[in-house]
Amino acid sequence: MAGDSLPKDERERLLAQFAEIAALAGGLAHEIKNPLSTISLNLELLIEDVSEGDSARDRRILKKLLSLQQECRRMGGILEDFLKFARAGQPDLTPCDLNQVVREFLEFYQPEANANGIEISPHLGADLPEVNLDAGLFRQVLLNLAINAQQAMPRGGLVEIQTRVREGRVELEMIDNGCGMDEKTLSRIFEVFWSTKSSGSGLGLPTVKRIVEAHEGRVLVDSAPGRGTQFTISLPPAVKMPNVL
Ligand SMILES: Nc1ncnc2c1ncn2[C@@H]1O[C@H](COP(=O)(O)OP(=O)(O)O)[C@@H](O)[C@H]1O
Ligand SMILES: [Mg+2]
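Per the numbering used here, residue 10 is the first one in the sequence shown, and the count goes up by one each step.
Given below as structure tokens:
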């Protein structure tokens with residue numbers, strides 16, 4: 010981590026400063042949510058009112074209100090993603106069966122995948138050791154990766170989800186056959202607020218990385234334009250395994 014070479018007290022001062030700024034930013038995002046929901050609610054009422062009129066003026070107003078509503082939704086989405094990012098660093102860890110967490114996620118995500126022409130092919134490894142997980146945060150990881158995969162395949166496609174043990178760690182792979190990424194894109198995907206999408210928050214993958222690293226895990230990515238993308242998450246087992254595997 011950057012700052013590892015600093016003297017201990019300087020490092021602690023910077024960490025305390027960082028925690029303060031993070032708390033401030035989180036508080037700000039939270040505070041903005043309330044007025045934003047009042048604005049959204051009133052916009053909805055105005056839209057209902059104006060939708061009943063059929064003059065050219067009503068139609069002009071309706072168009073502007075709908076565009077305001079879209080921007081409010083976008084702002085709400087960014088705030089939600091930001092708050093998720095802020096919470097990502099504090100997992101509440103308990104020994105879990107990763108396959109069970111994946112199964113529960115698939116149950117929840119399957120209808121969304123079906124509606125978007127995405128076929129999901131799970132291959133869950135047998136006899137996985139337990140991993141220390143915050144199941145709620147980890148579902149967020151799976152969702153962020155699945156949504157990206159879905160958005161990379163606007164005309165539908167295949168998502169493979171695999172779990173296995175490799176070199177004493179528990180691995181999860183999510184592979185899509187979507188648009189893939191070039192080198193330049195790959196070098197920036199974990200930067201906060203960096204996105205190639207017109208309405209992307211650019212917080213999905215930074216949140217994935219933050220959650221996984223808070224679990225002492227690693228995220229690897231392999232991608233090629235036109236071929237697809239593979240994300241691999243590797244986690245330490247809850248109880249260290251003997252070196253025979
Ligand atoms: N599975 C994927 N296939 C192709 N590109 C991807 C994939 N996942 C992420 N990306 C690229 O990484 C960028 C950052 O992703 P993310 O942090 O989730 O933000 P967002 O989805 O809001 O753009 C995306 O804008 C996209 O360019
Ligand atoms: Mg995303």
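No residue lacks a Cβ here, since even glycine has one placed at the ideal position from N, Cα and C.
Go ahead and pull the three-state DSSP assignment for residue i.
i	result
ASP185	strand
ASN125	coil
MET10	In this prediction, MET10 scores a pLDDT of 47, lower than 50, which makes its location untrustworthy; the coordinate-derived value is nonetheless stated afterwards. In the structure shown, MET10 sits in coil (DSSP, three-state: anything other than H, G, I, E or B).
LEU137	coil
ASP231	strand
VAL179	strand
VAL248	coil
If you draw a straight line from the C-alpha of residue i to the C-alpha of residue j, how long is it?
i	j	result
SER232	MET190	6 angstroms
GLY226	LEU244	4 angstroms
GLU40	GLY85	12 angstroms
LYS249	ASN141	11 angstroms
ILE56	MET183	41 angstroms
LEU24	ALA31	10 angstroms
PRO104	VAL110	11 angstroms
MET162	GLU21	44 angstroms
MET10	GLN79	Note that MET10 has pLDDT 47, beneath the 50 cutoff, so the model's placement of it is unreliable and no number is given.
GLY237	THR194	13 angstroms
GLU19	ALA223	22 angstroms
HIS132	GLU176	19 angstroms
ALA65	SER208	30 angstroms
PRO138	PRO246	6 angstroms
LEU45	GLY235	39 angstroms
For residue i and residue j, which I take to be in contact (beta-carbon distance under 8 angstroms), what is that distance rounded to the nearest angstrom?
i	j	result
ILE129	ILE170	7 angstroms
LEU181	LEU107	7 angstroms
ASN186	LEU167	5 angstroms
ARG148	PHE114	5 angstroms
VAL59	LEU74	6 angstroms
Once the 5 residues before and after residue i are set aside, which same chain residues still bring their CB inside 6 angstroms of it?
i	result
ILE220	ALA97, LEU146 and VAL150
ASP136	none
Once you ignore the five residues that flank residue i on each side, which residues in its own chain have a CB closer than 8 angstroms to its CB?
i	result
GLU116	none
SER204	SER210 and GLY211
PHE202	SER210, GLY211 and LEU212
Could you pull out every residue in the same chain whose Cβ sits closer than 7 angstroms to the Cβ of residue i, ignoring the five residues on either side in sequence?
i	result
VAL217	VAL150, ASN153, LEU154 and VAL228
PHE91	ALA38 and LEU212
_Every unbroken alpha helix (DSSP H) inside the segment 44-87 [4 residues or more]_ = none
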